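Chains as they are written, first to last, in the working numbering: chain A, 113 to 395; chain B, 650 to 865.
Right under this line is the structure:
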């Protein structure tokens with residue numbers, strides 16, 4: 113059995129649960145890795161036993177005297193063994209034979225490499241080797257295996273994070289001045305003479321029922337959160353009164369973006385709020 | 650109590666409003682002679698209306714030295730809107746369609762909303778439109794704010810209500826130009842019983858006025 117990090121014996125679902133902890137700056141060492149080593153003389157049967165013993169193992173590092181000779185991936189091994197006379201051909205012979213036949217040039221990447229860059233490298237491989245595990249190397253020249261599936265999964269999570277950043281919050285809105293935001297609001301709702309600049313810039317607080325924290329906001333912050341203002345500021349005219357339904361978006365628990373639906377009166381003063389809800393993501 | 654057969658009246662009262670605003674519980678409270686001291690035990694009598702529920706209350710009211718005995722007949726429809734596809738069961742529109750022939754008239758319409766839920770108040774516009782074809786020119790209306798015991802969470806302020814009352818009056822007049830009823834407003838609590846007695850008297854007054862009796 114080789115070395116494993118904290119994800120070692122846990123199923124992939126566990127990693128998926130923790131995957132939201134990755135950021136756009138995450139590097140390869142943050143991914144779960146494997147370090148199952150065999151010598152070039154190891155027989156195919158022994159390799160089969162090792163792979164059968166751990167269904168999460170993406171493959172094996174083939175090393176001789178500390179030198180990396182190659183990688184036998186789960187898919188390649190069973191694909192070869194599954195061919196006609198595969199068992200007879202490989203089970204009793206050294207695994208180095210299969211390495212030669214496969215002819216895969218191992219992709220070795222430093223563990224400090226960004227996941228984004230690593231994914232690009234991995235995807236640049238020949239089509240038949242696209243899903244082969246990637247070898248990462250640390251400062252001590254130790255080698256570990258990373259499953260291509262997990263690397264791509266991590267990359268998709270990062271893309272999601274980048275996508276989420278398009279959902280601006282009251283802390284990180286569009287780069288608009290207060291005046292620009294006010295003009296946009298007035299244009300959206302119709303010229304209302306009741307407005308004063310202070311109504312937009314005065315700061316207020318509202319409690320998020322999800323994280324129970326007080327959220328500090330001004331109307332201009334809300335306006336800056338929505339590239340399409342009609343998604344964030346909805347004009348309602350009912351019972352002879354005009355009201356505005358707005359959504360206060362903030363970073364809630366686990367850095368997720370949540371929004372608190374709120375109703376404002378004609379003078380943009382608080383009237384009521386509703387249960388906070390997670391901002392729709394594409395996950 | 651003075652008995653005078655000429656002053657015996659029966660009036661039909663219909664509470665209207667969104668689901669869970671308190672139509673059933675209010676009609677239960679109004680049906681009882683005493684204030685709901687044992688409110689908790691009444692809770693299991695509450696249910697979601699899928700049909701037209703019937704209740705009644707016999708009230709006496711004295712106006713200008715004349716005592717009237719008023720039988721308040723409550724017709725409680727569901728609060729589900731026809732457009733609300735997420736709900737199961739009959740909608741208000743379905744029930745009205747089914748029972749239209751049985752609803753002789755509506756003397757008093759109660760527009761119910763929760764004072765701590767502005768959405769239920771705003772939806773009154775919807776309900777005004779929906780009752781237009783079952784009312785008559787002398788139907789009286791009362792805007793009833795429920796959950797008065799939760800006034801610390803109030804979303805419908807007196808200022809909002811003032812504007813809304815004028816708006817509903819205007820809407821009724823616009824939709825039915827010949828309408829000459831009255832529109833009142835009151836806030837009540839079925840839990841604490843606050844203003845329930847006043848509401849009963851308002852309803853009885855509404856029935857008397859709708860009957861065409863001239864109160865000099």
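Even glycine gets a Cβ: it sits at the ideal position worked out from N, Cα and C.
Computed from a prediction, not measured in an experiment: that's the story for all the values here.
Start and end residues, alpha helix (DSSP H) containing residue i
{"i": "residue 849(B)", "result": "845-859"}
{"i": "residue 164(A)", "result": "156-165"}
{"i": "residue 752(B)", "result": "Neither: residue 752(B) is in no alpha helix (DSSP H) and is coded neither H nor E."}
{"i": "residue 811(B)", "result": "807-824"}
{"i": "residue 344(A)", "result": "341-344"}
{"i": "residue 294(A)", "result": "290-301"}
{"i": "residue 310(A)", "result": "309-313"}
{"i": "residue 65(A)", "result": "With chain A covering only 113 through 395, there is no way to say anything about residue 65(A)."}
DSSP state of residue i mapped onto helix, strand, coil
{"i": "residue 795(B)", "result": "strand"}
{"i": "residue 758(B)", "result": "strand"}
{"i": "residue 218(A)", "result": "coil"}
{"i": "residue 840(B)", "result": "coil"}
{"i": "residue 194(A)", "result": "coil"}
{"i": "residue 684(B)", "result": "For residue 684(B), the predicted structure reports a pLDDT of 49, less than 50, and the residue's modelled location is therefore unreliable. The matter cannot be settled from this model."}
{"i": "residue 375(A)", "result": "strand"}
{"i": "residue 770(B)", "result": "helix"}
{"i": "residue 775(B)", "result": "helix"}
{"i": "residue 711(B)", "result": "strand"}
{"i": "residue 230(A)", "result": "helix"}
{"i": "residue 730(B)", "result": "coil"}
{"i": "residue 147(A)", "result": "strand"}
{"i": "residue 134(A)", "result": "coil"}
{"i": "residue 349(A)", "result": "strand"}
{"i": "residue 142(A)", "result": "helix"}
{"i": "residue 271(A)", "result": "helix"}
{"i": "residue 401(A)", "result": "There is no way to answer for residue 401(A), as the model of chain A reaches only from 113 to 395."}
{"i": "residue 745(B)", "result": "helix"}
{"i": "residue 672(B)", "result": "helix"}
{"i": "residue 201(A)", "result": "helix"}
{"i": "residue 249(A)", "result": "strand"}
{"i": "residue 286(A)", "result": "coil"}
{"i": "residue 212(A)", "result": "helix"}
{"i": "residue 306(A)", "result": "coil"}
{"i": "residue 801(B)", "result": "helix"}
{"i": "residue 740(B)", "result": "coil"}
Whether residue i touches residue j by CB criterion (8 Å)
{"i": "residue 752(B)", "j": "residue 783(B)", "result": "yes"}
{"i": "residue 242(A)", "j": "residue 230(A)", "result": "no"}
{"i": "residue 335(A)", "j": "residue 296(A)", "result": "yes"}
{"i": "residue 169(A)", "j": "residue 195(A)", "result": "no"}
{"i": "residue 372(A)", "j": "residue 327(A)", "result": "yes"}
{"i": "residue 213(A)", "j": "residue 182(A)", "result": "no"}
{"i": "residue 679(B)", "j": "residue 744(B)", "result": "no"}
{"i": "residue 206(A)", "j": "residue 135(A)", "result": "no"}
{"i": "residue 636(B)", "j": "residue 706(B)", "result": "Because chain B is modelled from 650 through 865, residue 636(B) falls outside the range shown and cannot be assessed."}
{"i": "residue 805(B)", "j": "residue 775(B)", "result": "no"}
{"i": "residue 717(B)", "j": "residue 853(B)", "result": "yes"}
{"i": "residue 374(A)", "j": "residue 391(A)", "result": "no"}
{"i": "residue 844(B)", "j": "residue 856(B)", "result": "no"}
Beta-bridge partners of residue i, as assigned by DSSP
{"i": "residue 390(A)", "result": "370(A)"}
{"i": "residue 206(A)", "result": "155(A)"}
{"i": "residue 724(B)", "result": "703(B)"}
{"i": "residue 326(A)", "result": "319(A)"}
{"i": "residue 717(B)", "result": "710(B)"}
{"i": "residue 183(A)", "result": "173(A)"}
{"i": "residue 832(B)", "result": "790(B)"}
{"i": "residue 763(B)", "result": "795(B)"}
Residue i, enclosing beta strand (DSSP E) - first and last residue
{"i": "residue 382(A)", "result": "382-385"}
{"i": "residue 171(A)", "result": "171-176"}
{"i": "residue 660(B)", "result": "657-665"}
{"i": "residue 255(A)", "result": "255-258"}
{"i": "residue 354(A)", "result": "353-363"}
TODO: Taking only beta carbons into account, state which residues of the region 358-382 of chain A come closer than 7 Å to chain B, listed in chain order.
DONE: 375
- [ ] Please name the residues in the region 324-350 of chain A whose beta-carbon is closer than 9 Å to at least one beta-carbon of chain B, in chain order.
- [x] From the region 324-350 of chain A, only 348 and 350 have a Cβ closer than 9 Å to chain B.
Open item on the list: If the cut-off is 8 Å on Cβ atoms, which residues from the region 820-836 of chain B count as contacting chain A, listed in chain order?
Closed with: If you check each beta-carbon in the region 820-836 of chain B against every beta-carbon of chain A, none falls closer than 8 Å.
Task: Cβ-based contacts, 8 Å cut-off: residues of the region 796-816 of chain B near chain A - done: 804, 809, 812, 813, 815 and 816
- [ ] Closer than 7 Å, Cβ to Cβ, to anything on chain A: give me those residues from the region 762-779 of chain B, in chain order.
- [x] 767, 770, 771, 773 and 774
- [ ] Please list the residues of the region 127-145 of chain A that have a C-beta atom closer than 9 Å to any C-beta atom in chain B, keeping them in chain order.
- [x] none
Task: Short-range partners of chain B found in the region 180-201 of chain A, where Cβ spacing is below 8 Å - done: none
Open item on the list: Taking beta-carbon pairs under 7 Å, can you tell me which members of the region 282-304 of chain A lie near chain B?
Closed with: none
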